[in-house]
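Student: Residue numbering for the sequence shown follows our numbering, beginning at 2 and increasing consecutively. All C-beta atoms, glycine included, are put in the ideal place defined by N, C-alpha and C. Predicted, not measured: the structure shown is a model, and the values here were computed from it.
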Amino acid sequence: MSNITIAIDGYSSCGKSTIAKALAARLNYAYIDSGAMYRCVTLFCMRKGLIKKKKFIAEEIIACLPEIHLSFQFNPFTKTSETYMNGENVEKEIRSMEIAENVSKISTIKEVREHMVAIQREFGVNKGVVMDGRDIGSHVFPDAELKLFMTADIETRVNRRLDELNSKGEHVEFDEVKQNLQQRDYDDTRRKESPLTRAKDAIVLDNTDLSKEEQLEYVIKLINDSLLTRD
Ligand code: DC
2 MSNITIAIDG YSSCGKSTIA KALAARLNYA YIDSGAMYRC VTLFCMRKGL IKKKKFIAEE
62 IIACLPEIHL SFQFNPFTKT SETYMNGENV EKEIRSMEIA ENVSKISTIK EVREHMVAIQ
122 REFGVNKGVV MDGRDIGSHV FPDAELKLFM TADIETRVNR RLDELNSKGE HVEFDEVKQN
182 LQQRDYDDTR RKESPLTRAK DAIVLDNTDL SKEEQLEYVI KLINDSLLTR D
């Protein structure tokens, strides 16, 4: 069975990374979290003091790009791929609310997107990759063999995000998370450069009422069916 490219897009906190990780583990594929890459750019620039009160000068952010080296390494203990920036494991730090509040705006910068997309295409050059994000099926890998567009109702998404933050010891109110998710969805769908959009050939997966196992089995069936018709 030849390796394929799986592109997963959708709104914030829809469970994209959960299904992407499960698929990568099942198929023995690489998992690339493209959102983590935009989060790293945001973290790097925040540490340099280039983002203050959600304000920044785009040229200063662009000038930093060559200094940011990103990689993903599989952690055998957590059994998941983790994000490294310039050799440092930043997996936990990039998930904070502070990063979440700035990342969508940073990801609107055209040059930042071009830089990230070039790296993402390199990661996927040999196929056998599951990548999640906002523009993967529509822009990064328009020829991906399987494209999913994930969605879930807003209350479910807020609760999932709250659970994730709480499990990391960050205590945030429901309304703050809800507002952040809605703002990010707004920014992501309305930006000029490759906005979040459903690729015409993407399959919509609303996982509001689906368990992780149900989603995984559904997608594995999609893959098997599509391979049967292709081979
Ligand atoms: O998937 P995430 O929540 O970690 O993504 C963080 C932000 O990065 C998201 O608000 C929009 C941006 N992003 C993007 O513009 N394009 C992608 N392919 C992935 C993420």
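1) For Phe142 and Ile155, what's the separation of their Cα atoms in angstroms?
2) Could you tell me whether any non-hydrogen atom of the ligand DC is closer than 6 Å to the CB of Tyr39?
3) Starting from Ile120, trace the alpha helix (DSSP H) both ways and give me its first and last residue.
4) Does the beta-carbon of Val130, which I'm using as the reference point, lie nearer than 6 Å to any heavy atom of the ligand DC?
5) Taking only heavy atoms of the ligand DC into account, decide whether any of them is closer than 6 Å to the Cβ of Ser97.
6) Determine, using beta-carbon pairs with one atom in the segment 165-181 and one in the segment 122-130, whether at least three such pairs fall under 8 Å.
7) CB-CB under 8 Å to His70, same chain, minus the five flanking residues each way: which ones, in chain order?
8) Is it a yes or a no for the segment 146-153 touching the segment 200-217, going by three-plus beta-carbon pairs under 8 Å?
9) For Asn225, does the count of other Cβ atoms within 10 angstroms reach 16, so buried, or fall short, so exposed?
10) At a cut-off of 6 Å, would you count Val113 as near the ligand DC, judging by its Cβ distance to the nearest heavy atom?
11) Looking only at C-alpha atoms, which of Ile9, Ser14, Glu146 sits nearest to Arg96?
12) Whole beta strand (DSSP E) runs in the segment 8-46 with 3 or more residues, listed along the chain?
13) Compute the Euclidean distance between the alpha carbons of Ile20 and Cys46, then round it to the nearest angstrom.
14) Quick one: complete beta strand (DSSP E) runs, 3+ long, within the segment 134-219?
15) Does DSSP put Val91 in a helix, a strand or coil?
16) If I measure Cβ to Cβ from Ile107 and keep anything under 8 Å in the same chain, skipping five residues before and after, which residues do I get?
17) Rounded C-beta distance between Ser18 and Asp136? I'm assuming under 8 Å.
18) Let me check understanding here. Comparing Cα to Cα, which of Arg191, Asn90, Val91, Pro67 lies closest to Ile120?
19) From which residue to which residue does the beta strand (DSSP E) around Asn127 run?
20) Can you tell me whether DSSP reads Asn76 as helix, strand or coil?
21) Hey, could you find the ends of the alpha helix (DSSP H) Glu61 is sitting in?
22) Is the separation between the beta-carbon of Ala25 and that of Val173 shorter than 7 Å?
23) Going by other Cβ atoms of all chains shown within 10 Å of its Cβ, with 16 needed for buried, is Ala23 buried or exposed?
24) Is Ser97 helix, strand or coil when you go by DSSP?
Tutor: Taking the coordinates as given:
1) Along the sequence shown, read from residue 1 onward, the residue named residue 142 stands at position 141. Along the sequence shown, read from residue 1 onward, the residue named residue 155 stands at position 154. Cα to Cα, the separation comes out at about 27 Å.
2) Working through the sequence shown from its first residue, we reach residue 39 at position 38. True, at least one ligand heavy atom lies under 6 Å from that Cβ.
3) As a first step, residue 120 is located in the sequence shown; it is residue number 119 there, counting from the start. Taken as a continuous stretch (DSSP letters only), the alpha helix (DSSP H) holding Ile120 covers 111-124.
4) For the purposes of this step, residue 130 is taken as the residue at position 129 of the sequence shown. In this structure, Val130 has its beta carbon at no less than 6 Å from each heavy atom of the ligand DC.
5) Within the sequence shown, numbered from 1, the residue matching residue 97 stands at position 96. No, the beta carbon of Ser97 sits no closer than 6 Å to any heavy atom of the ligand DC.
6) No, the segment 165-181 does not touch the segment 122-130.
7) For the purposes of this step, residue 70 is taken as residue 69 along the sequence shown, with counting starting at 1. Around His70: Met86, Asn87, Gly88.
8) At 8 Å Cβ cutoff, the stretches touch.
9) The sequence position of residue 225 within the sequence shown is 224, counting from 1. Asn225 is exposed by the Cβ-count criterion.
10) The residue given as residue 113 occupies position 112 in the sequence shown. No, the beta carbon of Val113 sits no closer than 6 Å to any heavy atom of the ligand DC.
11) As a first step, residue 96 must be located in the sequence shown, where it is residue number 95. With distances taken between Cα atoms, Arg96 lies closest to Ser14.
12) Runs of the beta strand (DSSP E) inside the segment 8-46: 31-34.
13) In the sequence shown, counting from the first residue as 1, residue 20 sits at position 19. In the sequence shown, counting from the first residue as 1, residue 46 sits at position 45. Distance from the CA atom of Ile20 to the CA atom of Cys46, rounded to whole angstroms, is 30 Å.
14) Counting whole runs of 3 or more residues, the segment 134-219 contains the beta strand (DSSP E) stretches 147-152, 204-207.
15) Locating residue 91 in the sequence shown gives position 90, where the first residue counts as 1. It is coil, neither helix nor strand.
16) Counting from one through the sequence shown, the residue named residue 107 turns up at place 106. Cβ neighbours of Ile107 beyond the five flanking positions: Tyr39, Val42, Thr43, Cys46, Ile52, Phe57, Ile62, Val113.
17) In the sequence shown, residue 18 corresponds to position 17, counting from 1. In the sequence shown, residue 136 corresponds to position 135, counting from 1. Not confirmed; about 16 Å, so no contact.
18) What you label residue 120 is simply residue 119 of the sequence shown in a count that begins at 1. Ranking Arg191, Asn90, Val91, Pro67 by Cα distance to Ile120 puts Pro67 first.
19) Taking the first residue of the sequence shown as 1, we reach residue 127 at position 126. In the DSSP annotation of this structure, Asn127 is not part of any beta strand (DSSP E), being labelled neither H nor E.
20) The residue given as residue 76 occupies position 75 in the sequence shown. Note: Asn76 maps to strand in three-state DSSP.
21) Translated into the one-based positions of the sequence shown, residue 61 becomes position 60. Here the alpha helix (DSSP H) through Glu61 covers 59-65.
22) As a position in the sequence shown, residue 25 is number 24, starting the count at 1. As a position in the sequence shown, residue 173 is number 172, starting the count at 1. Against a cut-off of 7 Å, the Cβ pair of Val173 and Ala25 comes out as no contact.
23) Start at 1 with the first residue of the sequence shown, and residue 23 comes out as number 22. With 16 or more other Cβ atoms within 10 Å, it is buried.
24) For the purposes of this step, residue 97 is identified with residue 96 of the sequence shown, where counting begins at 1. Correct three-state label for Ser97: coil.
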